[in-house]
Amino acid sequence: MDSRSTSDLSDVERIKEINGRVGEITALYLKWAKSAKFRYRSLSLATIGFSTAVPVVVLVAPLAHSNAQAPWVASVAGILGACATLAKSVDLVFKNHETWLRNNDSYGKLRSEQFLFEERAGTYKTAEFEERISMYADRIEAVIGGSTTSWSGAENARQGVVS
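Take the sequence shown: its letters are residues -3 to 159, numbered as in our numbering.
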């Protein structure tokens, strides 16, 4: 955007400006959601793998070695159990699942709002053109602001901060 304020823009330019913001933000939300989804699934699979390996080591050790009570069996099982706990703990600290869902939800809301505006559907159906543009901008910003508020509220709750 150039140095003019949005009020100096024509209606078509204002719509382009709003859609540009929607495009940028939805791309970010989608990127963040995909990244959090990958981390969540990776850490979940690691947790499952390590957790499953503990009883396998304990059960298979007597079959593989005559001295099944050797200290290495307990050590390996303990290390695998610790790795499972660590993987799950890292996932809980970074809240990958919640981040994935929150960003995916914000992405969906923005795309839905854009669709409703462009198709003149929902509350946009009866509004005058100028009112539609303002309503569209307000709703887009509400979704973005709501996502930020949701994230900061979750972070404050995680850290025990009372607002």
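Even for Gly, the Cβ is constructed at its ideal location relative to N, Cα and C. Note that this is a predicted model, so its numbers are computed, not measured.
Close-in-space but distant-in-sequence residues of the same chain around residue i (CB under 7 Å, 5 per side omitted)
i, result
"residue 54", "69 and 73"
"residue 102", "25, 139 and 143"
"residue 22", "103, 106 and 107"
C-beta contact flag for residue i and residue j at 8 Å
i, j, result
"residue 39", "residue 86", "yes"
"residue 80", "residue 34", "no"
Start-to-end residues for the alpha helix (DSSP H) that takes in residue i
i, result
"residue 77", "67 to 90"
"residue 7", "7 to 60"
Helix, strand or coil at residue i according to DSSP, with G and I counted as helix
i, result
"residue 112", "helix"
"residue 106", "helix"
"residue 121", "coil"
Same chain only: Cβ atoms within 6 Å of residue i, ignoring 5 sequence neighbours per side
i, result
"residue 110", "18"
8 Å Cβ shell around residue i - same chain, five flanking residues per side excluded
i, result
"residue 50", "73, 76, 77 and 80"
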